[in-house]
Every structure is written in structure tokens, then in C-alpha cells.
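Following: one structure in C-alpha cells, then a few remarks.
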Amino acid sequence: MSTSPSEFPTEGKETHTIVSKLEGNLLVSKNTFPYYMIVAFEAGGPIRALILLLISPALCLLEWLCFETIALQIMIFISLGGLKLAEIKAVAMSVMPRFYLDDIRASAYKVFSCCGGKKYVVTFMPRIMVEAFLQEYLNVDSVSGTELRFIGEYCVGLIAKPEEMVGASQPGMPKHIDVGVGDVFADHSIILTSQERCIVPSDDSTSPLSRDNYPKPLIFHDGRFVARPTVLNSLAVFLWLPLGILLAIMRLLIGRLLPYKLGILVAAATGMKIRAKLPPKRKTCEIIHAPYSRCTCESCDPGQYGKGTYTLYVCSHRTLIDPVILATALQQPVTAVTYSVSRISELLSPIKTVRLSRDRAKDGETMQALLKKGDLVVCPEGTTCREPYLLRFSPLFAEIADVIVPVAAEAKSTMFYGTTVRGYKWLDSFFFLMNPNPDYNLQFLEKLSGVRTSKKSSYELANFVQKLIGNALGFQCTNLTRKDKYKMLAGNDGRDTKS
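Each step along the sequence shown adds one to the number in UniProt numbering, with nothing skipped, and position 60 is 60.
Below you can see the structure in the form of C-alpha cells.
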């Protein structure tokens, strides 16, 4: 029996096994070039990615002439040949899930998720490129894909069995399947012999799965590409790269050499947007001072409520230049405390940066001493997050200052991400500034006074500030930490990052 995804009965499938073809079925797109480009760029470097881009016209011609197998072998050789197994797995685990999730076909996923039995997927792509995502996000039990040859820990770039591009008869793939998802061109025997067949029409216009319906929230991901690296998008990136490098250098020099008022005008002329919303000022004190009280009036006692002392800014963390943008918006210098910023980034920074030691007592003393000398900015998440989520706030800031100003920071990129887990940290700010129109939006929330005298614990105060910033940005607050991010994306605690 064959039906379309929209007509497929989803009731009573709690024990049914299912197998689905990946390209053009479970995924909307049949074009696998972007995934090979991701591996080539992230694991192999820009030169390898450029070679793959230059050969793309020939690949399109081979596919048009129905030589898809040859085109696939060429893409595998260029993008994976000579790479370490660990590098390929790292990219497949930390970078590619975001692009797969963006391409899941909503109608096919509805069928796939309704089956509660064993789940299987067949694909022409190398199994190593898709297995981590399918098992982590779709709970797939077995993936049957193209197997590659390895010499030790290095990929040769050749297919293990050229005559069997998709191993539908691999061990672990059952002979009997209740439901098979494919298209009219599906030639996998296991799909054709399934008891129920769900055929995805060639003209199916179902949109990709929305973020709200993801099988698992996407909070952490790595990689430099913002947009899916199709042939046209990749071409745009490489054509922009020379100008982007010059633009990033210019923007760095602007921040380093020009005064704040002039610098923000010149930066805007280069396409960089910086918008800041300051809290409203009150002419008279409108509330009774108490823990969590917000006060910007001129009549408060300086000793008790912090007026006349320097300010501690508690900022959400989007990129490494958050403190620089904050200083630019305030048009006055601030000091930033950091954990793992590279020496090169410290040298290039237009504001003062001070390293923390990860010793709680020592770091608290350091921050208190800095706060007596000038305004201080801290990002209590401890690491950046690209998605609309806030990581857990470290409570240290609530133990060193009685008056704080929460700052909700949001950064938007169009071409490159300015954060990384696997790459070189000193290039993070450079990549962000290479974007044609990098966009920063800051909201200075109302001052919180009486922090240290509050009866609440520092952890409760940290959660309160996290919620304030989350509500201002429309972000979801989480209990995830810096260690969780690095463990998920890099398999370590984040202490040994590349400088």
C-alpha cells in the first residue's frame, strides 16, 4: 500500500519499524553539495573548500548526465581525502546538525516520528557524515550509507565498495520493515518491500520543520558559515573574502585608534550597526529602596546605594567584542574580565582586559579591586551562545557589587559566525567583523541596587538577572554551562582551546 505523507495514517504505529531515504525525502533538498562544502571548509580549510567550489560546474554537469555516482565519488575525494577520522566526526557532531535540522521535511518527519519501533535511514552520503545527527536528534537505530576507506586514522577519500554505494544489506538492517519512506525514484529494495510505503511526491512543497517542532532543541553548534553553503552562497563567500578581510582590518583600526564618538560614526559608514537603548532617567525617587530595587534618581545616599561609585555591567555573551561594543555605546572606557581570550585578542582589544584564574576567591578579589578603579563589564555565562538561549549565570558578580546594571546584548551575522569551539579563538572577532553588515543591539536595563545586602543567595540573584535579560531579549533561560557546551561540541571542558 502506497500513500503520500499528508494522507499517511499516523495512529497505531507505536511498534512499527520504519526506514526512510534521507536525501530528498527525510530532507527537503536532494543536493548534498553543501554538506561536503561544510566538511571541506571546517575540517580541511579554505583552500580545499575553494577547490570543491571550482569543480562544482563539472559536478553539476555529471549529475545532469545521470552520472551521480561519479559526481559523488569526486566530492568525497576532494572534501574528505586526507582528513583524520576524528576531524570528520567532530564536524559531523558539532557543525552539521544545524544544517540538517534546517532541511528536515515536515511531512516526512511526521510519518517518521509516529513510528515507535526501530528506525532506519538509507543515504548515498558517507555514513560518518550523517550518523551522529540521526542518532542524536532522530533516535535512528541504524544508518546505511556509503562506507569510506581509511588507512589508520586518515580517510583515503575513496569508497570502500564502489559497486554498493548504499549498503541496504548491511548488518543491522532487518529484512522486514513495516513502513518505508521514499520517492518515486526510490530503488532501495528494503523500501520497496516494506509493508506500507509512504511516497514523497516530486512536487511536494511542504516547508522544512519549524524550530519549535525540532525533535530536540538546538542550543549549541559550531562552524563559521551562517547561511547554507550552496554553490551560489559559497561563491558569494569567496568573492567577498578579500574585501571582508580589508573591512575587518579597517574596523579593528577604527576601534583601536579613533575616539568613541568619531569611531561609531566611521564604523557605521562601513556598514556596521550599533544600537543601544539606555534606561529612562527619573527626576525623583519613585520607590522605597529594597533588595532588587531599581534606582536612577539623584537623591540616593552614595554610600548605601552605590551612587558615586563605578558601575558593574552584567552582560549577556554573544561574541568576544561584547565589552568593546558596550564601551562604544557608553562612549567611555570600561574594563573587561575574561577567562580564555587569546593573547592576540588582548593585544588588539581597544579596551583593557584582565584575565581571571578560575579560582573563585582570587577572581572575586580581582574584580572588586578593578571595580574600585573604573567601570567593569562581566559576562557571567562564561562563554558565547549563538541561539536565542541564555546559559546559566555564574553568581560571582552578585558577591562583589551592591549595584549592577544588566545589559541585554544581541549580535547578528549575515555570512560568518564570530565564535568558535574547534577553531582558533583569536580569529573570532576578525570573522565577525568580516560580515558585510554586522549588527549589535544593546539594551541597558534599569539599575539594580541592594544586591549584596539582599537576603537572597547569590545563586538566586544570578538567576533573577538572567531572567531579566532573557525577558528583554525574548531568549529562553537554561541551566547549561560552559562545560556543557564544550563537552557537547568538542568533547572537553573548554580549558585547552586553540589560541
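Ideal Cβ placement from N, Cα and C applies to all residues, glycine included.
CB of residue i within 7 Å of CB of residue j, strictly
i, j, result
"Ile88", "Ala43", "yes"
"Phe416", "Phe431", "yes"
"Leu396", "Cys477", "no"
"Val39", "Ser79", "yes"
"Thr481", "Arg392", "yes"
"Val237", "Ser413", "no"
"Ser340", "Ile469", "no"
"residue 502", "Thr335", "Since the first residue shown for the chain is 1 and the last is 499, residue 502 is missing from the structure and cannot be characterised."
"Ser29", "Val121", "no"
"Ala327", "Ile344", "no"
DSSP state of residue i mapped onto helix, strand, coil
i, result
"Tyr310", "coil"
"Asp493", "coil"
"Met125", "strand"
"Ala409", "strand"
"Leu157", "In the sequence on display, residue 157 carries Gly and not Leu. Strand."
"Thr69", "helix"
"Ile351", "coil"
"Gly116", "coil"
"Gly182", "strand"
"Gln476", "strand"
"Pro208", "strand"
"Glu42", "helix"
"Val324", "helix"
"Val226", "coil"
"Asp439", "strand"
"Val465", "helix"
"Glu14", "coil"
"Glu346", "helix"
"Lys110", "helix"
"Thr366", "helix"
"Ser6", "coil"
"Cys60", "helix"
"Arg251", "helix"
"Ala361", "helix"
Nearest-angstrom Cβ-Cβ length linking residue i and residue j, presumed shorter than 8 Å
i, j, result
"Pro5", "Ser107", "4 Å"
"Lys119", "Phe112", "7 Å"
"Gly152", "Gly82", "About 12 Å; that fails the 8 Å criterion."
"Ser458", "Glu365", "With a Cβ gap of about 16 Å, Ser458 and Glu365 do not count as contacting."
"Met96", "Met125", "About 10 Å; that fails the 8 Å criterion."
Own chain, CB closer than 6 Å to residue i, minus 5 neighbours either side, in chain order
i, result
"Arg275", "Asn441"
"Leu356", "Val337, Tyr339, Asp363"
Pairwise C-alpha distance: residue j and residue i
i, j, result
"Leu448", "Lys467", "13 Å"
"Ile211", "Lys373", "Reading the sequence as shown, one finds Arg at residue 211 and not Ile. So the two alpha carbons sit approximately 45 Å from each other."
"Leu258", "Phe464", "37 Å"
"Met488", "Ser94", "8 Å"
"residue 518", "Ile321", "Given that the chain is displayed from residue 1 to residue 499, the structure contains no residue 518 and the question cannot be resolved."
"residue 503", "Pro323", "The displayed coordinates of the chain run from 1 to 499. Any statement about residue 503 would go beyond what the structure contains."
"Ile245", "Gly45", "16 Å"
"Ser454", "Leu461", "9 Å"
Same chain, Cβ closer than 7 Å to residue i, neighbours up to 5 away in sequence not counted
i, result
"Leu252", "Leu348, Leu433"
"Arg98", "Leu218, His221"
"Tyr486", "Val421, Asn492, Asp493, Gly494"
Closer than 7 Å to chain C by CB, residue i
i, result
"Val19", "Any reference to chain C falls outside this structure, which holds one protein chain only."
Same chain, Cβ closer than 8 Å to residue i, neighbours up to 5 away in sequence not counted
i, result
"Asn479", "Arg392"
"Leu50", "Phe238"
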